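Under mature numbering (1 follows the signal peptide of the UniProt record, and there is no 0), the residues of the sequence shown are numbered -16 to -1, 1 to 333, in order. The beta-carbon is built from N, C-alpha and C at its ideal position, and this holds for glycine as well. Just so you know, these numbers come straight off a predicted model, no measurement behind them. Quick notes on the structure that follows.
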Amino acid sequence: MFGLFLLFAIAVRCDETDLPFDNDDDEILDHEQDKPDQQDEDQDIADDEKDIQPTPTPQPERVRIPISQLFGKLEFGVVILLVVYVAFYISGQKILKTKTQAIYEIFSPLIRKYFAVMPRDFTIMSNNEVAIYFSGRTGYIGGICTIKYKRCCDILGILYSIFMGEHQTITFDILLEPKYQPSGIFTISKDKPYFADDFKLKQKNLPNKLQCFHDLGKESHQFLEIITPFIKKHKNSVELIEISDNNRFEYENNGKFVVHMEFRIVGSEADFINEELIDFVMKVSDKFDTVQFPFEIQSANQRLREKLIKERTQEKEEEKPISKEEEEKLARKREKREQGKFKPRFKRA
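Listed below in structure tokens is the structure:
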């Protein structure tokens, strides 16, 4: 207790100036003394701001630059070419649309004689190609008609078609489900097909520099009786006719039995696409749908196809990359062969 009392007495007698913190009263006095000086300084700054006059913002003068200085000859040439290109494209599209509508009006009633289902218009495949699908006939999966026009939507396309000698064409792909599943190939073209040697096709010359390649024997006459008169009448119009049980064309995934026909449109589209053309296509298709080949032809063609399929399968397997396990097996066999060469061989007495 005496110690606490002694500490209290010393603290009471201690001068505030000896304490470790500043005296608040002295700070207040110093601040009041500095206040007039701060006011004078603020007044000087305000007077200086009054004396300063803002500089006016300069107004830019309007300068008119003639268009000839902005666009040179090159720019004008590019603009003119762009305008001409757009004009050709728009006019070309209108021409093709008008042609397609006119063809549909002729084509629709002719196809509806044979097929029950048909869209209301052609489908646009590209700038110069349209197609239409039809179905609804016994023994048929359906058919696709594709029309390719000359390029007429751009200048470069027009020049290309002129120099390359392009022609307007119409193509039929008739996909069938024949009752007797005939096995054979019957092709008419100007050039020899690449598969003629593989399938051992026989060759026969036809009018208009066309050739017939087939493996049907005497059964080919029933098709030639229908096709030859049409070829003689319509010169330079038949490009390709193929009747086959092995569809190799665009719609091969939709059916393997196909009657594929390509024609060059001679004259106007309205004159060429007529009842005679559609009847010819359907007459050949109906013949292939109902034909029944003799057993000798049917079995020989099937055996040949099985042999070709087997050979192609082996070729594909040989072209496949070898796995690591197979590589190790081959390496072991090679080692055994090499070791066997150096082993001593003894002759029996």
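Query - Cβ-based neighbour list, Thr155, same chain, cut-off 6 Å, excluding 5 preceding and 5 following - result: Thr130 and Glu246
Query raised in the report: Does the stretch 197 to 204 come close enough to the stretch 232 to 247 to have 3 or more Cβ pairs within less than 8 Å?
Result: no
Query raised in the report: Which two residues bound the contiguous alpha helix (DSSP H) that contains Phe272?
Result: Glu259 to Thr274
Report task. Kindly list the residues whose CB is nearer than 7 Å to the CB of Lys219, restricted to its own chain and excluding five residues on each side of it in sequence; keep chain order. Result -> Asn192
Query raised in the report: Could you give the distance in angstroms between the alpha-carbon of Ser272 and the alpha-carbon of Ala86?
Result: Note on identity: in this sequence residue 272 is Phe, with Ser being the wrong assignment. The alpha-carbon atoms of Phe272 and Ala86 are separated by roughly 31 Å.
Report task. Taking Phe170 as part of the alpha helix (DSSP H), name the residues at either end of that continuous run. Result -> Note, Phe170: premise wrong, no alpha helix (DSSP H); beta strand (DSSP E) at Ile169 to Ser173.
Report task. Identify whether Lys240 lies in helix, strand or coil by the three-state DSSP scheme. Result -> coil
Query raised in the report: Taking buried to mean at least 16 other C-beta atoms within 10 Å of its own C-beta, is Leu13 buried or exposed?
Result: Low confidence applies here, because Leu13 scores a pLDDT of 48, under 50, leaving its location unreliable and the question unanswered by this model.
Query raised in the report: Exposed or buried, Ser228, counting other C-beta atoms within 10 Å across all chains shown (16 or more means buried)?
Result: buried
Query raised in the report: Should Leu185 and Phe197 be called a contact, given that it needs their Cβ atoms to be closer than 7 Å?
Result: yes
Query raised in the report: Any idea what DSSP makes of Arg248, helix, strand or coil?
Result: strand
Query raised in the report: Tell me, which residues are paired with Gln195 by DSSP?
Result: Ser173 and Asn189
Query raised in the report: Cα separation between Glu89 and Lys97?
Result: 14 Å
Requested in this report: Pull up the distance between the alpha-carbon of Phe326 and that of Glu280, whole angstroms please.
Outcome: Per-residue confidence for Phe326 stands at a pLDDT of 46, beneath the threshold of 50, marking its modelled position as unreliable; the derived number appears in the next sentence. Answer to the nearest angstrom: the Cα atoms are 57 Å apart.
Report task. Given a cut-off of 7 Å, decide if Gln282 and Ser110 are closer than it, judged by their beta-carbon atoms. Result -> no
Query - Tyr178, DSSP secondary structure in three states - result: coil
Requested in this report: Rounded to whole angstroms, what's the CA-CA distance from Arg316 to Gly126? Just pull it up for me.
Outcome: 56 Å
Report task. Could you tell me whether the Cβ atoms of Ile128 and Ile172 are closer together than 7 Å? Result -> no
**Report entry** Strand pairing of Ser110, partner residues [DSSP]
**Finding:** Glu113
Query raised in the report: For Tyr73, which residues from the same chain have a beta carbon less than 8 Å from its beta carbon, with the 5 sequence-adjacent residues on both sides left out?
Result: Cys137 and Asp138
Query raised in the report: Quick one: Cα of Arg287 to Cα of Ser252, how far?
Result: 46 Å
Requested in this report: Can you tell me which of Phe256, Asp182, Tyr144 and Ser269 puts its alpha carbon nearest to the alpha carbon of Glu295?
Outcome: Asp182
Query raised in the report: Taking the C-alpha atoms as reference points, what is the distance between Ile95 and Val101?
Result: 9 Å
Query - Buried or exposed (CB count within 10 angstroms, at least 16 for buried), Leu261 - result: buried
Query raised in the report: In three-state DSSP terms, what is Ile225?
Result: strand
Query - Residue of Asp175, Lys217, Tyr124 and Gly56 minimising C-alpha distance to Asp270 - result: Tyr124
Query raised in the report: Which residue or residues does DSSP assign as beta-bridge partners of Cys129?
Result: Ile116 and Phe156
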